[in-house]
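Each residue of the sequence shown is one higher than the last, beginning at 148 in the numbering used here.
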Amino acid sequence: MFLLFSKFNAFCTHALGPLINLIARIYIGWVFFRSGLVKIDDFESTVEFFADDWAIPFLAPMPAAILATAGELILPVMLVLGLGARISALGLLIMTAMIQFLVLPDHLHYWWMLVLGFLLSEGGSRCSLDYWLFRQTNLDSPRYAV
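Structure representation (structure tokens):
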């Protein structure tokens with residue numbers, strides 16, 4: 148019985164964990180990337196939204212629109228690839244918190260923050276460029292990759 152539990156635990160840790168991590172990165176990456184595509188499609192309207200509906204108290208509309216659009220197009224790609232996964236997750240987590248607490252409260256944002264917090268704590272797992280690049284450096288633990 149112990150052997151069966153041990154094999155199940157190893158399967159969850161080495162196969163299922165990285166797969167779930169990858170699915171989480173793809174899901175949350177698509178959410179933000181799609182939003183970035185909408186923003187860039189009609190950038191003038193995006194700037195207007197940042198001036199009126201999505202006003203951020205400490206940032207002018209144009210820089211806010213540029214930063215949000217760039218963040219929503221660059222960070223999700225990095226996150227899905229697992230390149231700087233923790234930094235990407237942190238950037239998207241900060242963006243989500245700003246959306247939730249300064250712009251547009253929605254319960255869905257808490258779920259996004261939960262997924263991003265998980266990715267921030269776990270990194271990109273074995274299904275990431277971070278893992279494989281870190282592994283090439285022959286350092287002890289790729290778990291601490293960015």
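Beta carbons: idealized from backbone N, C-alpha and C, even for Gly.
Rounded Cβ spacing between residue i and residue j (contact assumed at less than 8 Å)
i	j	result
residue 172	residue 229	7 Å
residue 193	residue 212	5 Å
residue 216	residue 270	26 Å between Cβ atoms; not a contact.
residue 208	residue 197	4 Å
residue 177	residue 251	With 8 Å as the limit, residue 177 and residue 251 do not qualify as a contact, their Cβ atoms being about 19 Å apart.
residue 280	residue 236	With a Cβ gap of about 17 Å, residue 280 and residue 236 do not count as contacting.
residue 231	residue 277	7 Å
Where residue i falls, given that 16 or more other Cβ within 10 Å makes a residue buried
i	result
residue 170	exposed
residue 210	exposed
residue 233	buried
residue 175	buried
residue 257	exposed
residue 227	buried
residue 157	exposed
residue 246	buried
residue 240	buried
residue 253	exposed
residue 189	exposed
Reduced DSSP category for residue i - H, G, I as helix; E, B as strand; rest coil
i	result
residue 242	helix
residue 153	helix
residue 277	helix
residue 235	helix
residue 148	coil
residue 251	coil
residue 218	helix
residue 268	helix
residue 230	coil
**Request:** Go through the stretch 155–211 residue by residue and report every complete run of the alpha helix (DSSP H) that reaches 4 residues or more, in order.
**Result:** 164–188, 190–198
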